[in-house]
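Below is one structure; the comments refer to it alone.
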Amino acid sequence: MLKAVILIGGPQKGTRFRPLSLDTPKPLFPIAGLPLIQHHIAACAKLEECKEILIIGSYTTNTMAQFVSDMQKEYHVIIRYLQEFAPLGTGGCLYHFRDQIRAGNPSAFFLLNGDVCADFPLKELWAFHAEKSEGLVTIMGTEATRQQSVHYGCMVRDPASKAVNHYVEKPNSYVSTLINCGVYVCSLQVFHTMAEAFEKKQNGFYSGNGQSGHPGYMSWEQDVLAPLAGTNKLYAMQVTNWWSQVKTAGSAIYANRHYLELNRGRLDGRTAPCQILPDVFLHPTAVVDSTAVIGPNVSIGAGVTIKAGVRIKESIVLNNATINEHALVMYSVVGQEAVVGEWSRVEGIPSDPDPNKPFAKMDNTPLFNTDGRLNPSITILGAGVVVPAETILLNSIVLPHKHLSRSFKHEIIL
Ligand code: GDD
Ligand code: GTP
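Numbering-wise (full-length UniProt numbering), the sequence shown opens with residue 1 and increments by one.
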């Protein structure tokens with residue numbers, strides 16, 4: 001029997017995802033029509049041996065209850081949400097809930113960061129891990145550019161045994177282009193290593209050795225993985241499958257494209273209501289005029305109304321939004337219940353990985369550049385925003401419930 005653990009953080013994380021995470025927690029933000037972590041759940045549920053999925057975070061149980069019950073019905077595996085009383089870090093939260101993870105004595109558990117998206121090769125990862133008799137943890141690794149690698153966990157591997165000899169979390173200078181994807185298989189014995197790491201942290205905390213924060217705080221990467229490197233207990237399986245982080249709103253559009261591609265045919269046999277340029281996800285309850293043109297890379301949520309002559313590409317339109325006659329939406333996210341007026345143009349700037357650089361990842365740039373100006377990115381309309389007719393909104397972020405009265409370029413509208 002196998003289990004899976006998904007780490008989702010809490011409301012204080014995912015700040016670069018604002019304002020999209022103001023009304024929907026980032027792990028539940030819909031990408032290709034499914035909440036972000038539903039893609040993780042679907043990948044785990046595909047493995048017959050996987051009998052339980054534990055989601056750990058510091059969002060309230062109420063916030064997660066509906067989602068957990070929906071998932072449980074859809075995938076017929078046990079899914080439980082475990083709420084941390086305080087953010088304990090990626091290692092601290094696992095250690096805190098160790099009894100729940102170990103219950104039933106699974107052969108191993110998958111550990112997935114909730115903020116990555118990928119074509120998760122869980123079966124291969126499990127087969128790889130099962131072969132390494134000494135291995136406590138196998139990391140899914142991928143190649144990054146030299147320059148971008150330092151924003152991730154970096155690993156140096158023995159070419160023959162694939163054992164990780166050196167692990168540095170977000171190094172200050174170049175270490176390796178093999179990076180940690182935040183996807184792992186772990187044997188239960190890893191909790192012994194964690195117990196030692198925990199004790200060390202506790203001693204440091206109570207002797208006042210410069211450690212601040214919560215006494216239960218522990219980093220999985222720094223306190224567990226790094227010390228395991230070089231002991232023949234840590235392995236890395238390198239993959240070439242599609243993988244990306246979801247940190248910024250721009251990365252949601254990029255992830256949307258890839259998940260749409262993986263889940264082709266999301267019209268589920270329905271006839272297209274208008275001209276569709278694949279790939280497109282169209283919720284069955286969306287009302288779309290036959291003269292609209294949608295795609296490529298578009299997800300349309302429940303209850304959305306799309307009127308005559310509308311053109312939408314490279315965008316996510318959330319539940320119950322209305323796009324009025326002849327409006328154009330591209331490289332944008334339109335929030336729930338937002339309204340785009342007729343003949344208006346809502347346009348962002350794509351922030352895809354550099355196509356000319358092999359292994360390049362998304363740049364996840366902060367909202368502002370060093371001189372305080374907005375970095376070019378997709379346009380975001382928060383929930384309930386109203387864009388009047390015949391206006392242009394270019395590379396801007398509009399906070400929820402704002403009724404605009406004119407056109408804006410490169411601005412954050414509060
Ligand atoms: N439950 C819980 N509690 N989850 C947490 C906590 C916590 O205190 N802190 C972070 N997480 C979750 C986040 O929501 C995210 O899904 C995951 O753990 C990792 O988040 P970060 O701590 O923000 O790390 P990161 O994304 O910058 O880097 C990690 O992932 C990279 C790949 O995406 C590291 O593992 C890197 O080594 C790795 O390359
Ligand atoms: P996650 O990993 O997504 O949880 O985010 P984080 O906590 O790692 O970083 P965060 O999103 O808070 O910040 C990333 C960068 O964006 C930092 O350099 C911040 O200074 C910048 N940033 C984010 N939001 C704002 C904002 O509203 N104003 C300004 N000036 N900078 C911001």
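Beta carbons: idealized from backbone N, C-alpha and C, even for Gly. Treat the numbers as computed from the prediction; the structure is a model and nothing was measured.
Per-residue burial, residue i [other beta carbons within 10 Å of its own, 16 or more giving buried]
i    : result
V142 : A small correction: the amino acid at residue 142 is Thr; Val does not occupy that position in the sequence shown. T142 comes out buried.
D279 : buried
D115 : buried
A103 : exposed
V287 : exposed
Y174 : exposed
N113 : buried
D158 : exposed
S332 : buried
D70  : exposed
D371 : exposed
R345 : buried
I78  : exposed
S405 : exposed
Q245 : buried
L228 : buried
L277 : exposed
F85  : exposed
S207 : exposed
H258 : buried
S176 : buried
A389 : exposed
G269 : exposed
A127 : exposed
G213 : exposed
A160 : exposed
H403 : exposed
Check whether residue i and residue j have beta carbons under 8 Å apart
i    : j    : result
E134 : N256 : no
G382 : P400 : yes
V310 : V334 : no
I300 : L282 : yes
M1   : L125 : no
C44  : F109 : no
L54  : Q100 : yes
A321 : F17  : no
K123 : L178 : no
P366 : I349 : no
E319 : Q336 : At residue 319 the sequence reads Asn, which differs from the Glu that was named. Yes, Cβ-Cβ distance for N319 and Q336 is below 8 Å.
E314 : I392 : no
T90  : L28  : no
V164 : I139 : yes
C274 : A302 : no
N297 : D119 : no
V339 : V387 : yes
Y152 : N180 : yes
S407 : I378 : no
K3   : K51  : yes
P121 : V239 : yes
Element boundaries [beta strand (DSSP E), containing residue i]
i    : result
R157 : G153 to R157
S299 : V298 to I300
C44  : Per DSSP, C44 belongs to no beta strand (DSSP E); it is in the alpha helix (DSSP H), Q38 to A45.
Q12  : Neither: Q12 is in no beta strand (DSSP E) and is coded neither H nor E.
S332 : S332 to V334
R18  : Looking at the DSSP string, R18 is not in any beta strand (DSSP E), and its letter there is neither H nor E.
R80  : I78 to Q83
Y174 : Element bounds for Y174: n/a, residue is neither H nor E.
I53  : C50 to G57
M237 : L234 to Q238
R345 : R345 to E347
Y167 : V164 to E169
F109 : A108 to N113
For residue i, the first and last residue of its enclosing alpha helix (DSSP H)
i    : result
F67  : T61 to Y75
A252 : A249 to L262
Y95  : G89 to H96
Y206 : V190 to Y206
A127 : L122 to E131
S244 : From DSSP, S244 is part of no alpha helix (DSSP H) but of the beta strand (DSSP E) over W243 to Q245.
R311 : First-last for R311: R311 to K313, but that is the beta strand (DSSP E), not the alpha helix (DSSP H).
R146 : R146 to S149
*Do the region 53–67 and the region 4–12 make contact, defined as three or more Cβ pairs closer than 8 Å?*
Enough Cβ pairs lie closer than 8 Å, so yes.
*Do the region 84–96 and the region 189–196 touch if we need at least three Cβ pairs shorter than 8 Å?*
Yes: at least three Cβ pairs fall under 8 Å.
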